[in-house]
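Residue numbers (UniProt numbering): 1 to 510.
Note that beta-carbon positions come from the ideal geometry of N, C-alpha and C, so glycine has one too.
As structure tokens, this is what we get:
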């Protein structure tokens with residue numbers, strides 16, 4: 001696929017790709033909304049004339065079917081991040097093989113590999129950090145999050161609501177590296193907190209915490225793991241030395257995937273309509289913000305999407321169910337192909353709303369599909385390398401170079417890295433030298449005489465004199481992620497000002 005400058009970021013209803021021309025109808029549906037689907041419902045329930053359905057009525061039914069599909073497509077893109085979090089929670093905390101119980105933390109034991117990434121279900125993982133994660137239920141009581149003194153090692157704990165907004169951090173740029181306690185408080189909870197815990201109010205009942213600790217290499221693992229083990233979560237009663245309430249019983253429906261090997265964000269269900277059932281259940285526990293309830297839910301109500309109520313296919317007209325089935329079958333694949341940000345020299349620079357999206361539903365959906373739990377720019381910036389100087393996707397059939405005249409800026413103890421991923425599954429690529437990234441941790445990178453740095457991107461080893469700067473590629477298509485943790489201001493400004501940090505072209509070697 002050729003990437004063009006026209007394929008830049010757009011807001012929710014104007015974005016190219018989600019149903020292409022059909023999504024444009026969403027603007028019209030914002031005006032027609034309930035009347036259109038109500039008419040569709042009335043049309044389907046109205047007895048046909050004794051002789052036959054008139055041609056005009058058939059054309060009207062077809063048109064209203066297109067309209068209902070457009071509304072469903074908009075609703076699916078809006079709700080996909082919430083459905084993804086529901087599925088990830090089931091896989092990691094509630095399913096038959098949980099990695100960590102609710103209100104506890106799973107921790108990596110090794111540097112991320114393709115196999116470990118697939119097991120954890122995390123797409124586009126960072127190989128320069130040790131990850132941890134834990135799903136917290138804040139319904140009964142707050143959870144006390146404790147973080148350690150890292151003695152100058154970069155770490156942070158991202159705190160993500162169920163709509164994939166990173167609404168708070170512990171450690172990192174947000175609060176430093178000397179440790180502390182934070183009380184994560186769910187909606188509507190009232191009570192007293194420990195005086196040494198900083199209160200953080202969550203917009204949703206369920207949250208995902210995700211610690212990241214900088215690790216240099218396997219020799220550095222023990223020290224990095226010590227910091228990661230210092231990140232702890234306890235219910236309020238336990239933290240105060242009291243007897244905790246009995247753990248609730250969770251009876252959520254299991255998401256049934258058509259292909260369990262795909263990441264959960266692919267949203268490929270055996271029964272496509274399970275997408276809508278999960279959306280209804282997840283939204284019941286984790287309602288959207290009030291402004292979205294008033295602005296969007298009236299539009300989605302004719303689809304059976306109502307806050308606090310389960311989605312029931314039996315209550316909808318067959319034509320509407322057909323449209324919702326069609327949308328649910330394809331929404332994950334369609335979102336995966338959409339850009340999020342602006343193209344520069346083959347790089348996709350993320351929008352400044354990344355990680356804290358507000359009403360930027362388009363970018364929220366795309367990032368949840370391709371880079372779930374992305375950070376806010378102040379804490380970390382990810383820039384995607386997607387195409388070479390010829391304008392085509394990066395491919396292992398070709399050879400490329402990327403020469404950085406200036407290295408990505410960061411604030412100590414932060415770091416930068418360039419990591420390569422297989423486009424087929426969004427995981428890192430197995431290779432003979434077990435190298436998945438290059439960056440500030442690689443002290444033996446060879447600089448050019450003028451101080452610039454050239455990275456070699458190709459499937460085959462470029463030779464002994466260039467191997468230190470070689471990032472191995474698969475034989476098929478792939479993409480790059482340039483990351484900076486605790487990024488410098490020039491890199492943050494580059495999201496809106498291309499000259500703040502010029503990105504190098506990814507040159508096709510002929």
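Whole-angstrom Cβ separation of residue i and residue j, contact assumed at under 8 Å?
i	j	result
residue 400	residue 458	7 Å
residue 158	residue 234	At roughly 19 Å, the Cβ-Cβ gap does not stay under 8 Å, so residue 158 and residue 234 are not in contact.
residue 311	residue 280	3 Å
residue 267	residue 332	4 Å
residue 81	residue 368	4 Å
residue 407	residue 453	6 Å
residue 258	residue 270	5 Å
residue 214	residue 154	4 Å
residue 231	residue 105	6 Å
residue 385	residue 394	7 Å
In its own chain, which residues sit with a C-beta less than 6 Å from the C-beta of residue i, not counting the 5 before and 5 after it?
i	result
residue 409	488, 490, 491
residue 119	none
residue 374	354, 355, 367
residue 204	161, 162, 286
residue 320	68
residue 499	none
If you run the structure through DSSP and keep just helix, strand and coil, what is residue i?
i	result
residue 428	strand
residue 146	strand
residue 102	coil
residue 206	strand
residue 127	coil
residue 306	coil
residue 108	coil
residue 507	strand
residue 163	coil
residue 137	strand
residue 511	The shown model of the chain, from 1 to 510, leaves out residue 511, and the question about it has no answer.
residue 447	strand
residue 556	This structure leaves residue 556 out entirely; the chain is present only between 1 and 510.
residue 282	helix
residue 276	helix
residue 454	strand
residue 357	coil
residue 114	helix
residue 213	strand
Could you check where the beta strand (DSSP E) with residue i kicks off and where it finishes?
i	result
residue 472	470-472
residue 413	410-422
residue 342	342-344
residue 499	First-last for residue 499: undefined, no H or E at that position.
residue 483	477-487
Could you check whether residue j and residue i sit closer than 7 Å to each other, using their CB atoms as the reference points?
i	j	result
residue 69	residue 330	no
residue 208	residue 145	no
residue 227	residue 148	yes
residue 342	residue 507	no
residue 76	residue 327	yes
residue 91	residue 136	no
residue 156	residue 132	no
residue 293	residue 307	yes
Along the alpha helix (DSSP H) that carries residue i, what are the first and last residues, could you check?
i	result
residue 435	No alpha helix (DSSP H) holds residue 435; DSSP gives it neither H nor E.
residue 68	55-89
residue 400	Element bounds for residue 400: not the alpha helix (DSSP H) but the beta strand (DSSP E), 399-404.
residue 223	221-229
residue 264	Segment: none, residue 264 is in no alpha helix (DSSP H) and carries neither H nor E.
residue 236	236-239
residue 185	Residue 185 -> not in any alpha helix (DSSP H); beta strand (DSSP E) instead, spanning 180-185.
residue 193	Looking at the DSSP string, residue 193 is not in any alpha helix (DSSP H), and its letter there is neither H nor E.
With a CB to CB cut of under 7 Å and the five nearest residues on each side skipped, what residues in its chain are close to residue i?
i	result
residue 502	none
What does a CB cutoff of less than 8 Å around residue i pick up in its chain, not counting 5 residues either side in sequence?
i	result
residue 421	124, 427, 428, 429, 478, 479, 480, 481
residue 22	With a pLDDT of only 35 at residue 22, under 50, the local geometry of the prediction cannot be trusted, and no value is derived from it.
residue 475	396, 397, 459
Chain D beta carbons: is any one of them nearer than 7 Å to that of residue i?
i	result
residue 339	The chain labelled as chain D is not found in the depicted structure, where only one protein chain is given.
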